[in-house]
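**Student:** Take the sequence shown: its position 468, counted from the start at 1, is 468 in the UniProt record's numbering, and no numbers get skipped.
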Amino acid sequence: MQKVLKSNFLIMAICLFGLAGAMFILNNDKVNLTIENGYHSVTAEQLGNQSLLSLTGEWSFYPNQFLTTEAIWKEKEVTTLVNLPHSWRDEDVTYFKQSDRYGYGTYHLQLEIPEQLVGQSFGLYLERIGSAYRLFVNGIEQEGVGVVSQSAQHEQASLTRNAVFIQPQDEKIDLVVHVSSHSFREGGIYQNIYFGLEQFVLNSYLKDLALEAVLIGALLAISLYHFIVLRIRGNDLSNLYISLVGVLGAIRTWVYNEEFVFLLFPEIDWQVMMKIEYITPLLIFIALILYLKKNYQAEVNGTVANLSIMLIVVVSTFILFTPTRVFTNLINIHVLIMVLLLGYYIFYVGIIATFRKRPGSVIYLIGLMIGVVGIINDTLFVTNVIDTVNLFSYSIFSFLIFRAMISSYRYGLTFERNEQLNSELIQLTANLEDKVVERTSELLMMNKELNSLQRQRGELLTNIAHDLGAPLFGIQTHLHLMKKTDLSQDASERLQALDEKLLYMKRLINDLFDLSKLELKHLSFYYERVPAEGWVQNNNRKCQQSILDQGMEWEYKKELDLEDYTLFIDQTRIEQVIENYLQNAVKFSRGKGYLLKISYELESSQSNQFLKVSIRDFGVGISGDDQVHVFERFFSNREGVTEGTGLGLAISKAIIEQHGGTVGVVSQLGEGSTFYFTLPLELN
Numbered sequence: 001m002q003k004v005l006k007s008n009f010l011i012m013a014i015c016l017f018g019l020a021g022a023m024f025i026l027n028n029d030k031v032n033l034t035i036e037n038g039y040h041s042v043t044a045e046q047l048g049n050q051s052l053l054s055l056t057g058e059w060s061f062y063p064n065q066f067l068t069t070e071a072i073w074k075e076k077e078v079t080t081l082v083n084l085p086h087s088w089r090d091e092d093v094t095y096f097k098q099s100d101r102y103g104y105g106t107y108h109l110q111l112e113i114p115e116q117l118v119g120q121s122f123g124l125y126l127e128r129i130g131s132a133y134r135l136f137v138n139g140i141e142q143e144g145v146g147v148v149s150q151s152a153q154h155e156q157a158s159l160t161r162n163a164v165f166i167q168p169q170d171e172k173i174d175l176v177v178h179v180s181s182h183s184f185r186e187g188g189i190y191q192n193i194y195f196g197l198e199q200f201v202l203n204s205y206l207k208d209l210a211l212e213a214v215l216i217g218a219l220l221a222i223s224l225y226h227f228i229v230l231r232i233r234g235n236d237l238s239n240l241y242i243s244l245v246g247v248l249g250a251i252r253t254w255v256y257n258e259e260f261v262f263l264l265f266p267e268i269d270w271q272v273m274m275k276i277e278y279i280t281p282l283l284i285f286i287a288l289i290l291y292l293k294k295n296y297q298a299e300v301n302g303t304v305a306n307l308s309i310m311l312i313v314v315v316s317t318f319i320l321f322t323p324t325r326v327f328t329n330l331i332n333i334h335v336l337i338m339v340l341l342l343g344y345y346i347f348y349v350g351i352i353a354t355f356r357k358r359p360g361s362v363i364y365l366i367g368l369m370i371g372v373v374g375i376i377n378d379t380l381f382v383t384n385v386i387d388t389v390n391l392f393s394y395s396i397f398s399f400l401i402f403r404a405m406i407s408s409y410r411y412g413l414t415f416e417r418n419e420q421l422n423s424e425l426i427q428l429t430a431n432l433e434d435k436v437v438e439r440t441s442e443l444l445m446m447n448k449e450l451n452s453l454q455r456q457r458g459e460l461l462t463n464i465a466h467d468l469g470a471p472l473f474g475i476q477t478h479l480h481l482m483k484k485t486d487l488s489q490d491a492s493e494r495l496q497a498l499d500e501k502l503l504y505m506k507r508l509i510n511d512l513f514d515l516s517k518l519e520l521k522h523l524s525f526y527y528e529r530v531p532a533e534g535w536v537q538n539n540n541r542k543c544q545q546s547i548l549d550q551g552m553e554w555e556y557k558k559e560l561d562l563e564d565y566t567l568f569i570d571q572t573r574i575e576q577v578i579e580n581y582l583q584n585a586v587k588f589s590r591g592k593g594y595l596l597k598i599s600y601e602l603e604s605s606q607s608n609q610f611l612k613v614s615i616r617d618f619g620v621g622i623s624g625d626d627q628v629h630v631f632e633r634f635f636s637n638r639e640g641v642t643e644g645t646g647l648g649l650a651i652s653k654a655i656i657e658q659h660g661g662t663v664g665v666v667s668q669l670g671e672g673s674t675f676y677f678t679l680p681l682e683l684n
């Protein structure tokens with residue numbers, strides 16, 4: 001546990017040092033001057049140490065007027081000295097109306113450079129000045145930002161950073177800045193203006209742009225990664241929410257750096273950019289709330305989450321439909337809402353999840369705390385309480401890195417679990433293989449024993465049938481001789497009944513003999529190729545005669561041409577099957593119907609053709625339960641009818657299967673039965 005705590009504190013320390021490092025990287029090449037009375041003499045040493053000089057200190061200020069350089073020099077005395085950077089919203093501002101503090105004015109500063117540096121190229125790096133300005137150097141107008149005006153109707157606001165390069169021809173550098181602020185919360189030169197040699201100014205300007213561009217790219221890359229993971233694992237919506245956080249963070253960073261926006265959309269309305277800049281952090285909060293609600297369901301109160309989202313939607317709607325000068329003035333309320341929401345999700349959700357030892361909860365808690373640090377820093381920065389840099393985007397990036405750490409941690413746990421399960425599976429598989437080998441050996445032994453018993457049973461049945469056949473033949477012979485003598489009617493009837501029982505036993509013995517031979521594959525088949533059409537006609541004549549001899553009527557149906565087909569069959573055995581079918585049909589039709597139907601059809605199975613022979617009766621029918629047993633040995637109980645050996649259909653099935661065909665029955669109680677078999681056909 002102590003190791004875990006140490007590692008968590010280490011992570012938090014690294015992140016805090018990372019944010020501090022970002023501030024240091026962005027500010028380490030800048031040195032603050034102390035300007036007094038609107039004048040400062042710059043030394044060669046200050047300009048030559050690869051640093052930018054922040055023009056902080058007392059500038060001359062002329063409120064509510066735009067003055068040229070000549071007009072300023074004609075002024076007998078400076079009306080106001082202001083310490084820059086300085087916002088017109090600050091409490092000590094007395095030169096504008098206390099009610100709104102919007103207006104315009106002129107800033108003036110005189111610099112003096114060493115004589116040996118005259119003629120060299122210098123640069124001015126101007127950060128955000130609200131909300132539009134014009135720049136004059138030694139009376140010559142340079143590139144400004146926006147369009148200044150004495151009224152809000154004609155002002156065109158913009159908060160773009162700007163770099164201007166000059167080549168002074170004497171030691172004096174006279175700076176005049178016209179500023180108007182009718183559209184934005186902060187007015188005046190509320191961020192720094194830097195001065196230095198051209199190469200240092202250009203390097204600092206490009207470095208700041210490059211850092212922001214890299215940050216945008218990193219946020220988009222993380223967003224794309226989570227979107228790809230979402231596409232692969234579509235069931236995890238948390239990846240969608242994190243992807244949205246990355247995209248929205250990149251958009252917010254993009255619009256905050258207006259120079260990037262103007263590269264793609266030079267005619268875009270500045271107020272649209274400001275609304276996007278203020279709304280995107282709120283949308284990020286919605287995505288984070290949905291993410292936390294998805295991953296910490298037991299800790300996040302659903303009602304609080306829904307109310308939080310509703311509150312954010314209300315604030316976003318307010319920003320969307322109000323002018324810039326209105327909603328930017330409410331930044332403190334804006335920040336207060338975000339801090340309160342983050343406070344709930346940190347000090348309630350995060351801490352509870354940590355105590356419950358939810359996976360990744362500590363990392364998540366640290367990530368949100370970094371976010372709070374970034375928001376507080378930015379609030380103090382934009383209100384000129386502290387002189388740092390905007391860290392909101394960096395805190396979002398830090399949170400996404402923490403999210404990646406949580407995912408890595410969870411995937412690590414999953415991987416370890418998979419490794420453990422894989423090891424257990426390998427062990428189980430090895431044991432299973434041993435068991436399979438053992439069971440297979442046992443089954444082979446049992447199968448061998450069963451085959452031996454089956455063979456012995458078949459041989460026993462064959463021997464029994466053979467041994468019973470001889471005495472039965474003798475008994476039957478004596479009965480026939482006795483029937484030729486003069487006997488009473490009663491004795492003759494008894495002899496006739498006995499003769500019928502002997503015939504039944506003889507048939508049973510013959511069936512047992514045939515069945516045992518079939519099972520042992522000892523029964524001989526005499527196959528021959530016969531024309532299918534001729535066999536059908538011949539079989540039809542025999543069936544007709546057999547049915548008529550039984551006192552039954554018959555119908556014959558054949559709607560196919562078999563001239564091109566041949567059957568490879570043992571005709572005697574097939575006739576035995578048909579005779580079994582006919583005898584069953586007659587037996588179970590007594591008292592129910594006197595019509596039998598025989599039909600011939602073609603059936604296809606994959607690439608083979610079969611002749612299907614069906615015999616239908618209109619007798620008692622067979623129940624669904626009995627249909628699955630009718631082709632089993634000794635099964636004869638069909639609706640109380642128990643005549644027969646119960647072996648005929650079993651023998652028929654064995655014969656047909658020996659020919660490569662199938663048997664079956666379709667029946668319904670009270671409506672008769674259709675018994676069929678199929679035989680393979682060969683093309684001539």
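We put the beta carbon where it would ideally sit given N, CA and C, even for glycine. Quick caveat, the model's predicted, so the values are computed rather than measured.
#1: Work out the CA separation of Gln545 and Val663 for me, nearest whole Å.
#2: Where do the N-terminal and C-terminal ends of the beta strand (DSSP E) with Tyr125 fall, by residue?
#3: Taking the runs of the alpha helix (DSSP H) that are 4 residues or longer, which of them lie wholly in the stretch 156-193?
#4: Return yes when the Cβ of His226 is within less than 8 Å of the Cβ of Tyr102, no when it is not.
#5: Beta-carbon separation of Leu117 and Leu55 under 8 Å?
#6: Please go through the same chain and pick out, in chain order, the residues whose beta-carbon is closer than 8 Å to the beta-carbon of Lys293, but skip the five residues on each side of it.
#7: What are the start and end residues of the beta strand (DSSP E) that includes Trp85?
#8: Are the Cβ atoms of Ile173 and Ile129 separated by less than 8 Å?
#9: If the criterion is Cβ atoms closer than 8 Å, does the pair Asn239 and Val247 meet it?
#10: Using a beta-carbon distance below 8 Å, is Val229 in contact with chain D?
#11: Closest by CA to Leu320, which one among Ile276, Thr354, Asp626 and Ala218?
#12: Which residue comes first and which comes last in the beta strand (DSSP E) that contains Ala132?
#13: Of all the options Asp208, Ser589 and Tyr600, which has the alpha carbon lying nearest to the alpha carbon of Tyr256?
#14: How many angstroms separate the CA atom of Val42 from the CA atom of Gly249?
#15: Leu111 bridges to which residues according to DSSP?
#16: Would you call the CB atoms of Leu683 and Leu567 closer than 8 Å?
#17: Could you give the DSSP three-state label for Glu632: helix, strand or coil?
#18: Our contact map puts Leu582 next to Cys543 with C-beta atoms below 8 Å; I'd like the distance itself, whole angstroms only.
#19: Can you grab the Cα-Cα spacing for the pair Ile166 / Ile193, in whole Å?
#20: Determine which residues share a DSSP beta bridge with Glu553 and list them.
#21: Contact defined as beta carbons within less than 8 Å: I believe Trp73 pairs with Ala157. What is the distance between those atoms, to the nearest angstrom?
#22: Please check the pair Asn580 and Ile651, which I expect to be a contact at CB under 8 Å, by giving their CB distance rounded to whole angstroms.
#23: So, Val613 versus Ile622, is the Cβ gap smaller than 8 Å?
#24: Can you tell which of Tyr345, Phe381, Ile333 and Ile386 has its C-alpha closest to the C-alpha of Gly367?
#25: Secondary structure at Ser667, three-state DSSP: helix, strand or coil?
#26: On the DSSP letters alone, give me the boundaries of the alpha helix (DSSP H) that Glu682 sits inside.
#27: Give me, in chain order, the residues of the same chain whose beta-carbon lies closer than 7 Å to that of Lys30; leave out the 5 immediate sequence neighbours on both sides.
#28: Any heavy atom of the ligand HEM closer than 7 Å to the beta-carbon of Glu127?
#29: Is it buried or exposed for Tyr556, if we count other Cβ within 10 angstroms and need 16 for buried?
#30: Does DSSP put Leu197 in a helix, in a strand, or in coil?
#31: Is Gly672 closer than 8 Å to Phe618 when the C-beta atoms are compared?
#32: In this structure, how does DSSP classify Tyr62 when only helix, strand and coil are distinguished?
#33: Just the Cα atoms here: how many angstroms apart are Glu115 and Leu264?
#34: Which residue comes first and which comes last in the beta strand (DSSP E) that contains residue 725?
#35: Pop quiz: Ala287 and Leu244 are said to be a contact at Cβ under 8 Å. What is the actual Cβ separation, rounded to whole angstroms?
#36: Hey, would you say Tyr133 sits closer than 8 Å to Val93, going by beta carbons?
**Tutor:** In terms of the structure at hand:
#1: 24 Å
#2: Phe122 to Leu126
#3: none
#4: no
#5: no
#6: Val300, Gly302 and Ala305
#7: Reading off the sequence shown, one finds Pro at residue 85, where the question assumed Trp. It is not in any beta strand (DSSP E) - Pro85 carries neither H nor E in the DSSP assignment.
#8: no
#9: no
#10: You won't find chain D in this structure, because it holds only one protein chain.
#11: Ile276
#12: Ala132 to Val137
#13: Asp208
#14: 40 Å
#15: His40 and Ile173
#16: no
#17: coil
#18: 7 Å
#19: 15 Å
#20: Leu595
#21: About 30 Å separates the two Cβ atoms, so there is no contact after all.
#22: 7 Å
#23: no
#24: Tyr345
#25: strand
#26: Unbroken run through Glu682 is the beta strand (DSSP E), Gly672 to Leu683; no alpha helix (DSSP H).
#27: Ser51, Leu52, Ser54 and Tyr194
#28: Ligands displayed in this structure: none; no statement on the ligand HEM is therefore possible.
#29: exposed
#30: strand
#31: yes
#32: strand
#33: 43 Å
#34: Nothing about residue 725 can be read from this structure; the chain reaches only from 1 to 684.
#35: 4 Å
#36: no
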